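If you count the sequence shown from 1, position 349 lands on 349 in my numbering, and the numbers rise without skipping. Every residue gets a Cβ at the ideal spot worked out from N, C-alpha and C, and that includes glycine. Quick caveat, the model's predicted, so the values are computed rather than measured.
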Amino acid sequence: MSTPQIKPNLIPNIMFVDMNSFFASCEQQVNYYLRNKPIAVCVYPGKYGSIIAPSIEAKRKGVKTGMRLSDAIKICPELIPLETHPSRYREIHVELMDVFHKYSDVVYAKSIDEAVIKFTHLKYIHKDLIKVAQQIKEDIKSQVGDYLKCSIGIAPNTFLAKLASDIKKPDGLTLISPENIDDVLKNIKLTDLPGIAKPTALKLNDAGITSVVQLRHTNHEKLKKAFKSIVGIQWNQRLNFIETENYSSQYKSMQAMRQISKAQRKSLQNIKNLLASLCLTLEKRLTKQGLYLKEVTLTVRYETGEHYHDIIKSSQPIQEGAEIMKLINKNIKLYEDQNPNTTVINSQVNMLSVNVFDFVSDEENQFNMFDNNLQKRKLRKTVEKLRDKYGNTKVKKAAELHEKEAMVDAIGFGSVKHLYKYQANDSDILITENFPD
Ligand SMILES: [Mg+2]
């Protein structure tokens, strides 16, 4: 792999908008009573429910994402727990995207509460992006919701724009330019950079690089030696205004869903297998598009008209059906542990839907992957090619035939030599793909 020779962009014309405490702010937006109060959005608001989004007021009291309600209430007795309303957040997300589109035609939703707005081609239309950012904040208040706040970062590339948006929360506005970058970076630790974890920071320390400013000014040979790969060079490039984010992906989300007939729901294992087949269908689409995901939602509808909905964020970009399934199962288990008399996958399920969001491309992801992941990726691509050659349902990975094992062990994965003919009927899986709005 050779280092791409790309010219840096020295003009701060990339904007990163990060909505502050988004889910909680949406709840406070629609319910006036909840404003200025510490609230916590939970998948399940019972005693042992875990918090997926504390409000700004709750964060100030020390309440954090992932805490159990019973623990959070110990440090913040006035905390108000609320159930999550994903459709509400999605509606507001769409309205926010409409605001951003007023200012640029190139807008990427990075997740439900983050967007990148590019102004690279609009320098004669928008001369002062600080003013544009202030206007966007005002438009959000007047057109979407007066209680919604965001932190905006402006910089010459996406990475630095995101970093700038993280500097002041809530309601921040920070610009990073070639003139002020070293001053801004002085106050940031290596581990504050999104993507630099402790092991990477230690590697850098070993090479004598102890600060972000130093990382920015270290030459490529030294970085190559320290990392024995181009990862270090990539960090240096990001800090030197080179765009390393790949925007080739046109996809915003993909959904696989299916109705479950009365006959199908007689066996629980059958329903679980159908859920696994949805995950595998998504894997196939993702592999084909060279995409990894960081967010999954599961919706289960029941005969009774009730439904279960869950939003799951993955700490690592993933692509495999087995890994998607593992994430889903982990959360289902958590929910069932918290609700002892409830079973998510039960004999009343009549619809299953899995949505995936927050994509990362192959190119962006390969820098973060371990060797065995690279091997797995190669294998998946080979399988996809065979599928294209011999027809969709004829060739399946061995793991797909033994979904149960595959789901228990996300790494458990047959090898190509185990490929054999398989008759499957995926025809009732509905796949939809959404492009950026
Ligand atoms: Mg946010």
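Approximately 12 Å separates the beta-carbon atoms of Ile-112 and His-85; this is outside 8 Å, ruling out the contact. Counting every other CB atom within 10 Å of its CB across the protein chains shown gives Thr-281 a total of 16 or more, marking it as buried. By the Cβ-count criterion, Gln-316 is exposed, with fewer than 16 other Cβ atoms from all chains shown falling within 10 Å of its own Cβ. Taking C-beta atoms as the reference points, Val-41 and Leu-82 count as a pair closer than 8 Å. By a beta-carbon distance limit of 8 Å, Thr-297 does not contact Ile-318. Their separation comes to about 14 Å.
Lys-224 is positioned such that its CB atom lies closer than 8 Å to that of Ile-233. With a contact defined as Cβ atoms closer than 8 Å, Asn-350 and Arg-265 qualify at about 7 Å. Here the distance from the Cβ of Glu-114 to the nearest heavy atom of ligand 1 is below 7 Å.
Between Val-360 and the set Lys-110, Tyr-44, Leu-69, the nearest pair of CA atoms involves Lys-110. If you look at Pro-54, you'll find it in the beta strand (DSSP E) that goes 51–54.
For Ala-40, the enclosing beta strand (DSSP E) stretches over residues 39–42.
It is roughly 6 Å from the alpha-carbon of Ala-256 to the alpha-carbon of Leu-278. Rounded to whole angstroms, the separation of the alpha carbons of Lys-59 and Ile-75 is 11 Å.
Look at Asn-20: its beta carbon is less than 7 Å from one of the heavy atoms in ligand 1.
With respect to the 8 Å criterion, Phe-16 and Lys-162 are classified as neighbours on the basis of their beta carbons. When the five nearest sequence neighbours on each side are left out, the beta carbons in the same chain lying within less than 6 Å of the beta carbon of His-126 are those of Phe-119, Val-132, in order along the chain. Straight-line spacing of the CA atoms in Leu-275 and Leu-352 works out to 7 Å. Within the same chain, and ignoring the five residues on either side of Leu-286 in sequence, the residues whose Cβ sits closer than 6 Å to its Cβ are Gln-319. Nearest neighbour of Phe-23 by Cα position, chosen from Leu-10, Pro-8, Val-43, Lys-7, turns out to be Val-43. Under a 10 Å Cβ-count criterion, Ala-115 is classified as buried, with 16 or more other Cβ atoms of the shown protein chains found around its own Cβ. Fully enclosed alpha helix (DSSP H) runs of no fewer than 4 residues occupy 198–206, 212–217, 220–227, 231–239 of the stretch 185–263, in order along the chain. Nearest neighbour of Asp-183 by Cα position, chosen from Leu-239, Lys-313, Lys-284, Met-19, turns out to be Leu-239. When the beta-carbon positions are compared, Pro-12 and Leu-129 come within less than 8 Å of each other. When DSSP states are grouped into helix, strand and coil, Arg-90 belongs to the helix group.
Closest in alpha carbon position to Gly-195, among Asp-98, Asn-341, Trp-235, is Trp-235. Cβ neighbours of Ser-142 within its own chain (closer than 8 Å, five residues either side excluded): none. Distance check between Ile-176 and each of Leu-193, Ala-155, Lys-168 places Ala-155 closest, using alpha-carbon atoms only. Classified as buried, Pro-38 has 16 or more neighbouring CB atoms from the shown chains inside 10 Å of its CB. In this structure, Ile-209 lies near Thr-218, with their beta-carbon atoms less than 8 Å apart. Shortest Cα-Cα distance from Ile-260 to any of Ser-104, Tyr-302, Lys-294 involves Tyr-302.
Distance from the CA atom of Asn-270 to the CA atom of Thr-343, rounded to whole angstroms, is 15 Å. Phe-357 is bridged by DSSP to Ser-253, Glu-295. Secondary structure note for Lys-123: it is in no alpha helix (DSSP H), with a DSSP letter that is neither H nor E. The secondary-structure analysis by DSSP pairs Cys-150 across a beta bridge with Met-19.
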